[in-house]
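**Q** I am attaching a structure below and will ask some questions about it afterwards.
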Amino acid sequence: MAYVGAYFTSESEWLLEYHAGAGYIALGLIMFRILWGFTGNRYARFSDFIRGWDEVKSYILRMLRSDIPRFLGHNPAVGWVVLFMLLITAVISLTGIVVYGGEEGRGIAAGFFTFKTAIIVRIIHLILADIAVVMIVTHISAALIHHFILKENIIYSMFTGYKEDMESWSERVSHMKAGEGLSVVRLVVGIFVAILGGLGLVYLPPEGKTDFSKEKMQVMDDKGFVVELKHNKKWVDECAKSCHIGFHPNLLPASSWEKLMSGLSDHFGEDVSLNENIQKEILDYLVSASAEHSVSEASKKLMYSIKDGDSPIKITDIPYWVKKHSEISDEVYKRKSIDSKSNCIACHSGSEIGSFEDRDIHIPKE
0 MAYVGAYFTS ESEWLLEYHA GAGYIALGLI MFRILWGFTG NRYARFSDFI RGWDEVKSYI
60 LRMLRSDIPR FLGHNPAVGW VVLFMLLITA VISLTGIVVY GGEEGRGIAA GFFTFKTAII
120 VRIIHLILAD IAVVMIVTHI SAALIHHFIL KENIIYSMFT GYKEDMESWS ERVSHMKAGE
180 GLSVVRLVVG IFVAILGGLG LVYLPPEGKT DFSKEKMQVM DDKGFVVELK HNKKWVDECA
240 KSCHIGFHPN LLPASSWEKL MSGLSDHFGE DVSLNENIQK EILDYLVSAS AEHSVSEASK
300 KLMYSIKDGD SPIKITDIPY WVKKHSEISD EVYKRKSIDS KSNCIACHSG SEIGSFEDRD
360 IHIPKE
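Under numbering that gives the first Met the number 0, the first residue of the sequence shown carries the number 0, and numbering increases by one thereafter.
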């Protein structure tokens, strides 16, 4: 069920925290199952169902001939499938934690991994997730074949943990033909999903909207340490108040700020030249807090989308910005509360402190 929750929340960034929650639940269940594999009852222990290749091969060949031997515990083939699924699920959960910490700067691994590391690990995460789906579908298909040939609802047993003893089973099915007397799954899967979902909501609630009055701006210094950032007063007075809204330095790379500040005599058609000392102070601030020094996911993705050697000075021209906003119609930008594409704060309430978290996005209706 954790898999179901993770997959239903994997395609939308608005549901990212629920996706992470499902991953934490999955990892917790895996840790419990591994422990149970050594301390649980007989049929739950790894020593009972992990068998050698010869037994696995023999079982598969007999299954292909529709001559499946019955086991009270896991059969030789499924035993290894269980082990691989536990391993893959654990790695999926752990790589997810790395991606969540490296890209979003959140979760238990926040600050431990770089954005570049997270990008690489994300690929592994996605590939393993697809492999897991294939394994699950194969596992369920094999269970249905088992059900048909042995007249035993093995899927039901997956939920209850109980199977008929050999004597009772033999007495019940000895006179039956293949496919006859198929049982019905009595356990309502929906109840299980609801219970698991309820536990997830209670114990792993999403963080919700950010309270920006309590948030501190952070940047990475030249040594790689995350430190608090304070807005430069000259930048606030000369740029963020007198001319336009304050575009946070983490929205452009250092080369873009250098290019922009060197052309103040023709700043988007206006002469906004500054005193040399003030100009240098503002530039130093912008460079020190540029996208290269940002801990924001948005900054990193903006950076990665810019071609080597390019130094764009319009944020709305950056490839990642264009792609991210491609589904927003021009009519939306014409709304009074938005007015233009450059009015970041209209939809991103944390833009003034360089926060562009997905959960904080709100597009005004008017």
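A virtual CB, placed ideally from N, CA and C, is assigned to each residue, including glycine. Note that the structure is predicted; figures quoted are calculated from it, not measured.
#1: Which residues bound the alpha helix (DSSP H) around E257?
#2: For K300, does the count of other Cβ atoms within 10 angstroms reach 16, so buried, or fall short, so exposed?
#3: Run through DSSP, which three-state label would S339 get?
#4: Can you give me the Cβ contacts of V294 inside the same chain, cut-off strictly under 8 Å, excluding the 5 residues immediately before and after it?
#5: Name the DSSP bridge partner or partners of Q217?
#6: Nearest to L250 by CA position, among V286, L85 and D47, is which residue?
#7: Quick one: grab the DSSP three-state call for E269.
#8: The alpha helix (DSSP H) spanning H73 covers which residue range?
#9: Spatial neighbours of F45 within its chain, please: C-beta separation below 6 Å, excluding the five flanking residues on both sides.
#10: Using 8 Å as the threshold, is the C-beta distance between A239 and G245 below it?
#11: State the Cα-Cα distance for the pair P75 and E54, rounded to the nearest angstrom.
#12: Relative to the alpha-carbon of V77, which residue among T38, A141, S92 and N40 has its alpha-carbon at the smallest distance?
#13: Should L228 go down as buried or exposed, given a rule of 16 or more other Cβ atoms within 10 Å for buried?
#14: In terms of alpha-carbon separation, which member of K215, Y99 and E326 lies closest to S350?
#15: Any chance the CB of E280 is under 7 Å from a heavy atom of the ligand HEM?
#16: To the nearest angstrom, how far is the alpha carbon of I107 from that of T94?
#17: Does DSSP put S293 in a helix, in a strand, or in coil?
#18: Report the CB separation of S325 from P363 in whole angstroms; it is logged as a contact under 8 Å.
#19: Reducing DSSP to helix, strand and coil, say where H138 ends up.
#20: Return the bridge partner residues of H347 from the DSSP annotation.
#21: For V331, I'd like the list of residues in its chain whose CB is within less than 7 Å of its CB, leaving aside the five on either flank, ordered along the chain.
#22: Would N231 be called buried (16 or more neighbouring beta carbons within 10 Å of its own) or exposed?
#23: DSSP three-state label for D307, please.
#24: Tell me whether C370 sits in a helix, a strand or coil according to DSSP, three-state version.
**A** Reading off the structure:
#1: Here residue 257 refers to the residue found at position 258 of the sequence shown. E257 -> alpha helix (DSSP H) spans A253 to M260.
#2: As a first step, residue 300 must be located in the sequence shown, where it is residue number 301. So K300 counts as buried.
#3: As a position in the sequence shown, residue 339 is number 340, starting the count at 1. Of the three classes helix, strand and coil, the one that applies to S339 here is coil, per DSSP.
#4: As a working note, residue 294 is residue 295 in the sequence shown. Excluding sequence neighbours, V294 sits near G104, G110, Q217, V218, M219 and V225.
#5: Within the sequence shown, residue 217 is the residue found at index 218, counting from 1. DSSP lists E227 as the beta-bridge partner residues of Q217.
#6: Locating residue 250 in the sequence shown gives position 251, where the first residue counts as 1. Nearest neighbour of L250 by Cα position, chosen from V286, L85 and D47, turns out to be V286.
#7: Position 270 of the sequence shown, counted from the start, is the residue given in the question as residue 269. Strand at E269.
#8: Indexing the sequence shown from 1 puts residue 73 at position 74. Under the DSSP assignment, H73 falls outside any alpha helix (DSSP H); it carries neither an H nor an E label.
#9: The residue you call residue 45 lines up with position 46 of the sequence shown. Taking F45 as the centre and dropping the five residues before and after it, the same chain places the C-beta of G36 closer than 6 Å to its C-beta, in chain order.
#10: Here residue 239 corresponds to residue number 240 of the sequence shown, with the count starting at 1. Here residue 245 corresponds to residue number 246 of the sequence shown, with the count starting at 1. Contact flag set, yes.
#11: As a first step, residue 75 is located in the sequence shown; it is residue number 76 there, counting from the start. As a first step, residue 54 is located in the sequence shown; it is residue number 55 there, counting from the start. When rounded, the distance between both Cα atoms is 6 Å.
#12: Your numbering for residue 77 matches position 78 in the sequence shown. When C-alpha distances from V77 are compared across T38, A141, S92 and N40, the shortest belongs to A141.
#13: In the sequence shown, the residue the question calls residue 228 occupies position 229. By the C-beta density criterion, L228 is buried, having at least 16 other C-beta atoms within 10 angstroms.
#14: Looking up residue 350 in the sequence shown gives position 351. The residue with the shortest Cα to Cα distance from S350 is K215.
#15: In the structure on display, the ligand HEM does not appear, and there are no ligands present to speak of.
#16: For the purposes of this step, residue 107 is taken as residue 108 along the sequence shown, with counting starting at 1. For the purposes of this step, residue 94 is taken as residue 95 along the sequence shown, with counting starting at 1. Computed Cα separation, rounded: 12 Å.
#17: Within the sequence shown, the letter at position 294 stands for residue 293. In this structure, S293 counts as strand in the three-state DSSP scheme.
#18: The sequence position of residue 325 within the sequence shown is 326, counting from 1. The sequence position of residue 363 within the sequence shown is 364, counting from 1. Contact between S325 and P363 is ruled out by a C-beta separation of about 19 Å, above the 8 Å threshold.
#19: Here residue 138 is taken as the residue at index 139 of the sequence shown, counted from 1. Helix.
#20: Looking up residue 347 in the sequence shown gives position 348. DSSP lists I360 as partners of H347.
#21: If you number the sequence shown from 1, residue 331 lands on position 332. Around V331, the same chain offers I337 and I362 as residues with beta carbons nearer than 7 Å, after the five sequence neighbours per side are excluded.
#22: Translated into the one-based positions of the sequence shown, residue 231 becomes position 232. Taking a 10 Å sphere around the C-beta of N231, we find 16 or more other C-beta atoms and assign the residue as buried.
#23: Against the sequence shown, residue 307 aligns to sequence position 308. Coil.
#24: Given that the chain is displayed from residue 0 to residue 365, the structure contains no residue 370 and the question cannot be resolved.
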